[in-house]
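Undergrad:
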Amino acid sequence: MRALFIDAEPVEQEGRAGVKLWLKSGSLVELYDWGFRPYFYADTDSKKDAAAIGRLDVKGAKVVGVEKAERWVWGKHKELLKVYCTKPSEVPVISRAVRDGLEIGCYEFETPFKYRYMIDKGLWPMDWVHYEADGDELVSIERATGEPGSLRALAFDIEVHNPAGSTDPARDPVIMVSWADEKGAGVLSTKPNRGVSKVFSDEAALLTGFCDMLRQKDIELLLGYNSDLYDLPYMKERSRRLRIDFPVGRDGLTVRKRGGGLVVSKVGGRVHIDLYRVATFLDRIGAMNLPRYKLEDVYAELAGKPKRDIKKADIWKVWDKGDIDDLAAYSRDDAECTWFIGKQWVPLEIALSRASGLPLFEAVRATTGSMVEQLLMRHAAGRSEITPNRPGFGEVTERAAETFVGAYVKTPPPGIYSNVAVFDFRSLYPSIIIAHNIDPATLNCDCCKKDGHVSPAGHRFCVKRQGVIPETLKELIDARAKLKASMKKMDPKSTQWAIADNHQWALKIIANSFYGYLGFSRSRWYSREAAESVTAWGRQYIQQTIEKVERAGYSVLYADTDSIFLLLGERKKEDAIALLTELNKGLPEVMMLELEGFYPRAVFVSKKAEEKGAKKKYAMIDEGGKIKIKGFELVRRDWAKIARKTQRRVLEAILKAGSAHKAVEIVRNVIADIKAGKVPLDDMVIYTQLRKEVYTAKGPHTAVVEKAAKRGVKIPVGAVIPYVITKKGKTISDKAELADWAKDYDPDYYIDHQVLPAVLKIMKELGYTETDLKVAGRQARLT
DNA sequence: GCCGTAGGACTACCA
DNA sequence: ACTGGTAGTCCTACGGCG
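Next comes the structure, spelled out in structure tokens:
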């Protein structure tokens with residue numbers, strides 16, 4: 170039988186231990202594999218040790234088999250013992266006895282059992298398998314090929330009666346559950362209304378009705394927004410209090426708290442995707458940058474239009490009034506927006522799951538680090554290499570304390586320039602890792618003492634045996650290149666193209682994370698020497714390239730990590746392209762310098778306190794009139810919209826119209842509007858994320874949190890706080906007030922601390938001073 | 001007690 | 001809970017002044 174492999178879970182029944190597999194062929198199939206034994210490795214080849222390990226009995230947990238195994242351990246070929254246990258839960262117990270009791274080192278004793286199973290069986294989630302079964306018992310399974318499969322999905326959202334403002338499952342009932350899927354949308358509620366598609370006698374019936382619907386529709390993929398933390402735990406708690414079952418899954422619902430306030434809600438037998446998790450993931454990897462990631466923010470960004478909105482605080486009022494037309498429509502809209510977002514992001518998550526080997530549920534909640542790790546574990550196993558153990562607490566602390574030098578950034582001379590060309594290295598760090606075989610296990614090998622790759626940081630890497638990291642990375646990069654090539658032959662509007670695009674994106678995301686993973690203190694494959702060699706080679710390549718560009722007669726304006734900005738001057742684009750070709754001849758095979766683009770005009774500014782140019786801050790306009798802005802206040806959410814908007818207009822006036830005069834007019838008008846109190850409060854809102862539980866220093870955003878706490882509103886860690894600097898108070902922190910509570914704004918603050926600083930650094934390059942901008946009617950010095 | 005400033009804490013950016 | 005490099009804000013402590 171052919172099926173899509175979804176997930177696996179360890180199970181224990183009647184003393185037997187095995188694995189439950191979730192497959193999809195038509196609909197979901199549950200199968201059991203009772204024939205797979207958990208194991209770990211012991212670092213010894215002595216018969217005496219083998220015998221001692223074989224005799225172990227820790228409170229009834231016994232070793233059921235010991236066999237020899239040849240594996241690579243940190244670049245050395247070794248003979249180890251593979252120690253089998255009966256149940257997965259016995260692995261930690263027995264391996265501890267081996268380590269602490271017999272003082273024999275162990276490996277892979279903390280590999281979660283389901284990963285152990287998937288890795289050893291060669292199963293990749295969201296990919297196809299061929300299997301044979303006898304009843305519900307698996308007989309055989311192996312990986313097959315095919316396009317990624319799809320799952321039957323449904324998005325949902327709940328509304329809660331909230332007269333107290335906040336909601337509390339001890340008190341406030343669920344009043345609506347809305348849903349949306351391929352076929353349409355609907356609202357389940359306990360009050361009848363035109364907008365309500367199904368009415369239930371009470372809340373218990375409503376919750377049960379929702380579960381019935383999932384069962385009837387045979388939903389495999391459940392989509393929510395912040396449903397890990399809110400909807401599912403809320404419904405579960407309400408059900409508990411109502412003393413009813415809540416069979417939202419085929420196999421229970423577990424709500425688990427992870428470290429750092431993270432909550433994960435696992436729906437057994439369906440894949441639950443919390444799209445808020447996807448939003449924060451995309452934010453972290455820099456694929457998205459919004460001030461906030463509420464459902465309406467994300468929807469507006471993706472759909473290009475705003476979402477219907479009700480003030481959350483008013484939900485109960487509308488409900489109590491009995492006229493719930495609006496509420497039903499709003500609730501339904503929430504589900505539809507969630508569905509819309511899911512349509513865009515689920516394919517990427519499926520691609521990430523396939524590319525990393527993490528089951529979809531885990532992939533959605535994974536960091537790029539754990540994706541890299543999963544992939545490395547799979548590749549390591551494939552080449553008989555041991556997966557290094559996780560570092561202990563002490564080790565992590567030590568690693569975190571040892572810092573290393575990163576990338577090179579050139580200070581740009583501030584000014585406004587014409588005809589800039591930008592070159593950049595394609596995947597600089599991944600290319601370096603592959604070109605120089607950088608891996609903790611190839612570091613200081615015994616075989617290449619004379620002829621190894623020696624990094625500018627002074628570390629040597631093997632030239633004979635490729636490391637698991639370079640090997641895995643090369644596979645990703647080659648696969649991506651192949652995909653990109655095949656995409657050229659596809660119709661860009663086809664589903665096939667969209668699938669390939671998500672896949673290539675997933676491969677890129679993972680490939681870009683390898684360097685960070687090498688330097689990550691909790692990494693299994695951590696190596697400071699390896700990480701600092703990557704950056705050292707990176708600095709060497711960029712600096713040598715800068716020298717060559719300068720020797721060719723160009724002046725290099727700016728450079729950061731892997732990019733070079735040069736002034737074309739009197740030369741033509743063709744000259745720059747010829748130079749590029751020349752530069753590439755001197756680079757290793759896998760490395761490639763590319764033309765990023767030509768820019769007719771560019772702005773670099775000086776640092777606020779010094780005359781020197783500011784790094785990581787520039788704006789350029791390309792030949793198509795498209796503006797690229799980096800680092801400026803206007804790309805930062807912790808600046809008020811009025812400052813960001815004004816700075817953008819000023820930059821546009823200079824880059825597009827080339828008019829400083831216009832820029833001055835803009836600034837003067839904005840200042841006048843602020844003084845006159847004409848600017849809407851919305852434009853004064855500053856967003857700052859609450860990143861810590863406890864602060865040593867006071868700041869506007871911590872002050873806002875304190876004030877909210879006094880009113881009984883708890884702002885959780887991770888929240889992005891919107892606040893306004895009001896007239897009331899002495900210091901800025903005193904004046905800061907939660908946006909919803911702010912009645913006015915302090916014009917002086919917004920002029921002197923927001924608009925002027927943002928705009929002045931640009932105007933300074935054109936010869937203007939603060940007074941030129943503040944005092945109306947004065948003649949501009951330059952135009 | 002007031003003023004100016006150096007330095008620390010903090011956030012969000014670039015690559 | 002992937003890295004280092006960077007700009008910039010706000011607050012506090014501190015020294016000088018009178």
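Letter by letter, the first sequence follows residues 170 to 952 in the numbering used here. Ideal Cβ positions, reconstructed from N, Cα and C, are used throughout, including at glycine. The model shown is predicted, which means the values in this text are computed figures rather than measured ones.
(1) Just reading off the alpha helix (DSSP H) that residue 607 is part of, what are its end residues?
(2) Could you tell me which of 902, 582, 904 and 811 sits nearest to residue 924, measuring between CA atoms?
(3) Between residue 267 and residue 211, which are expected to be in contact by the criterion C-beta below 8 Å, what is the C-beta distance as a whole number of angstroms?
(4) Between 757, 936, 758 and 823, which has its C-alpha nearest residue 787's C-alpha?
(5) Would DSSP call residue 952 helix, strand or coil?
(6) Using DSSP's beta-bridge definition, name the partner residues of residue 677.
(7) Could you tell me which whole alpha helix (DSSP H) segments of length 4 or greater appear in the stretch 437-499?
(8) Is there contact here, the stretch 497-508 with the stretch 641-656, by at least three beta-carbon pairs under 8 Å?
(9) On the criterion of 16 or more Cβ atoms from any shown chain inside 10 Å, does residue 601 qualify as buried, or is it exposed?
(10) Just to confirm, is the Cβ distance from residue 684 to residue 598 under 7 Å?
(11) Of the residues 569, 290 and 673, which one's Cα is nearest the Cα of residue 696?
(12) I'd like to confirm the pairing. Which residues does DSSP put opposite residue 854 in its beta bridges?
(13) For residue 555, which residues from the same chain have a beta carbon less than 6 Å from its beta carbon, with the 5 sequence-adjacent residues on both sides left out?
(14) Closer than 6 Å by C-beta to residue 791: which residues in its own chain qualify, once you throw out the five before and the five after it? Chain order, please.
(15) By how many angstroms is the C-alpha of residue 332 removed from the C-alpha of residue 800?
(16) I'd like the ranges of any alpha helix (DSSP H) spanning at least 4 consecutive residues and lying wholly in the stretch 180-255.
(17) Return the chain-ordered list of same chain residues with a C-beta closer than 7 Å to the C-beta of residue 752, the five sequence neighbours on each side being excluded.
(18) First and last residue of the beta strand (DSSP E) that includes residue 906?
(19) Which one or two residues does DSSP pair with residue 275 in a beta bridge?
(20) Tell me the DSSP bridge mates of residue 526?
(21) Just to confirm the assignment: which complete alpha helix (DSSP H) runs, minimum length 4, are found wholly within the stretch 896-930?
(22) Below 8 Å CB to CB, which residues in the same chain sit around residue 200 once its five sequence neighbours on both sides are set aside?
(23) Taking just the CA atoms, how far does residue 206 sit from residue 237?
(24) Excluding the 5 residues flanking residue 171 on each side, which residues of the same chain have their C-beta closer than 7 Å to its C-beta?
(25) Buried or exposed: where does residue 203 fall if 16 or more other Cβ atoms within 10 Å of its Cβ makes it buried?
(26) Whose CA, out of 899, 494 and 764, lies closest to the CA of residue 918?
(27) Check whether the Cβ atoms of residue 443 and residue 393 sit closer than 7 Å, and answer yes or no.
(28) Between the C-alpha atoms of residue 841 and residue 832, what's the straight-line distance to the nearest angstrom?
(29) Let's test the definition: count the other Cβ atoms within 10 Å of the Cβ of residue 259 and tell me whether it reaches 16, buried, or not, exposed.
(30) Ignoring anything shorter than 4 residues, give me the alpha helix (DSSP H) runs that lie fully in the stretch 711-770, in order along the chain.
(31) Assign residue 165 to one of three DSSP states: helix, strand, or coil.
(32) Do the stretch 893-909 and the stretch 549-568 meet, that is, are 3 or more Cβ pairs less than 8 Å apart?
(33) Return the first residue and the last residue of the beta strand (DSSP E) that residue 889 is part of.
(34) Identify whether residue 365 lies in helix, strand or coil by the three-state DSSP scheme.
(35) Run through DSSP, which three-state label would residue 424 get?
(36) Does residue 405 pass the burial test, meaning 16 or more other C-beta atoms within 10 Å, or should it be called exposed?
TA: Looking at the coordinates:
(1) One-based indexing of the first sequence puts residue 607 at position 438. Taken as a continuous stretch (DSSP letters only), residue 607 belongs to no alpha helix (DSSP H), as it is neither H nor E.
(2) Here residue 924 refers to the residue found at position 755 of the first sequence. It is 811.
(3) If you number the first sequence from 1, residue 267 lands on position 98. If you number the first sequence from 1, residue 211 lands on position 42. Residue 267 to residue 211, Cβ: 5 Å. Contact.
(4) Locating residue 787 in the first sequence gives position 618, counting from the first residue. Minimum Cα distance to residue 787 is reached at 823.
(5) On the first sequence, residue 952 is found 783 positions in, with the first residue counted as 1. At residue 952 the pLDDT is 40, less than 50, meaning the model places this residue with poor confidence; the figure from the coordinates comes in the next sentence. Reduced to three states, the DSSP call for residue 952 is coil.
(6) Residue numbering aside, residue 677 sits at position 508 when the first sequence is read from its first letter. For residue 677, which the question treats as bridged, DSSP gives no partner whatsoever.
(7) The DSSP assignment places complete alpha helix (DSSP H) segments of no fewer than 4 residues inside the stretch 437-499 at 444-453, 464-472 and 484-490, in order along the chain.
(8) no
(9) In the first sequence, the residue the question calls residue 601 occupies position 432. Classification for residue 601: buried.
(10) Within the first sequence, numbered from 1, the residue matching residue 684 stands at position 515. Within the first sequence, numbered from 1, the residue matching residue 598 stands at position 429. Against a cut-off of 7 Å, the Cβ pair of residue 598 and residue 684 comes out as a contact.
(11) Within the first sequence, the letter at position 527 stands for residue 696. If we check each option's Cα against that of residue 696, 569 comes out closest.
(12) Looking up residue 854 in the first sequence gives position 685. Looking at the DSSP assignment, residue 854 forms no beta bridge with any residue, so it has no partner.
(13) The residue labelled residue 555 in the question sits at position 386 within the first sequence. Closer than 6 Å at Cβ, skipping near neighbours: 240, 242 and 276.
(14) In the first sequence, counting from the first residue as 1, residue 791 sits at position 622. Excluding sequence neighbours, residue 791 sits near 766 and 768.
(15) Here residue 800 corresponds to residue number 631 of the first sequence, with the count starting at 1. Here residue 332 corresponds to residue number 163 of the first sequence, with the count starting at 1. Roughly 43 Å between the two C-alpha positions.
(16) Listed in chain order, the complete alpha helix (DSSP H) runs (minimum 4 residues) inside the stretch 180-255 are 216-224.
(17) For the purposes of this step, residue 752 is taken as residue 583 along the first sequence, with counting starting at 1. The beta carbon of residue 752 sits closer than 7 Å to the beta carbons of 714, 717 and 762 from its chain, once the five residues preceding and following it are set aside; these are given in chain order.
(18) Against the first sequence, residue 906 aligns to sequence position 737. Residues 905-907.
(19) Counted from its first residue, the first sequence places residue 275 at position 106. BP columns for residue 275 point to 211.
(20) Numbered from 1 along the first sequence, position 357 holds the residue referred to as residue 526. BP columns for residue 526 are empty, so no partner.
(21) At a cut-off of 4 residues, the continuous stretches assigned as alpha helix (DSSP H) that sit fully inside the stretch 896-930 are 901-904.
(22) Within the first sequence, numbered from 1, the residue matching residue 200 stands at position 31. Cβ within range, chain order: 189, 190, 192, 300, 302, 305, 306 and 307.
(23) Counted from its first residue, the first sequence places residue 237 at position 68. Counted from its first residue, the first sequence places residue 206 at position 37. Distance between the alpha carbons of residue 237 and residue 206: 16 Å.
(24) Along the first sequence, read from residue 1 onward, the residue named residue 171 stands at position 2. Around residue 171, the same chain offers 194, 297, 299 and 313 as residues with beta carbons nearer than 7 Å, after the five sequence neighbours per side are excluded.
(25) Counting from 1 along the first sequence, the entry for residue 203 is found at position 34. Exposed, because fewer than 16 other Cβ atoms sit within 10 Å of the Cβ of residue 203.
(26) Translated into positions along the first sequence, residue 918 becomes position 749. The candidate whose alpha carbon is nearest that of residue 918 is 899.
(27) Translated into the one-based positions of the first sequence, residue 443 becomes position 274. Translated into the one-based positions of the first sequence, residue 393 becomes position 224. Yes, the pair counts as a contact, with Cβ atoms nearer than the cut-off.
(28) The residue labelled residue 841 in the question sits at position 672 within the first sequence. The residue labelled residue 832 in the question sits at position 663 within the first sequence. Distance between the alpha carbons of residue 841 and residue 832 is about 14 Å.
(29) Your numbering for residue 259 matches position 90 in the first sequence. By the neighbour-count rule (16 or more Cβ atoms within 10 Å), residue 259 is buried.
(30) 742-754
(31) Shown here, the chain extends from 170 to 952; a query on residue 165 therefore has no answer.
(32) Judged by pairs of C-beta atoms under 8 Å, the stretch 893-909 does not touch the stretch 549-568, as fewer than three such pairs exist.
(33) One-based indexing of the first sequence puts residue 889 at position 720. Unbroken beta strand (DSSP E) run through residue 889: 889-894.
(34) As a working note, residue 365 is residue 196 in the first sequence. Coil.
(35) On the first sequence, residue 424 is found 255 positions in, with the first residue counted as 1. Reduced to three states, the DSSP call for residue 424 is strand.
(36) Your numbering for residue 405 matches position 236 in the first sequence. Under this definition residue 405 is a buried residue.
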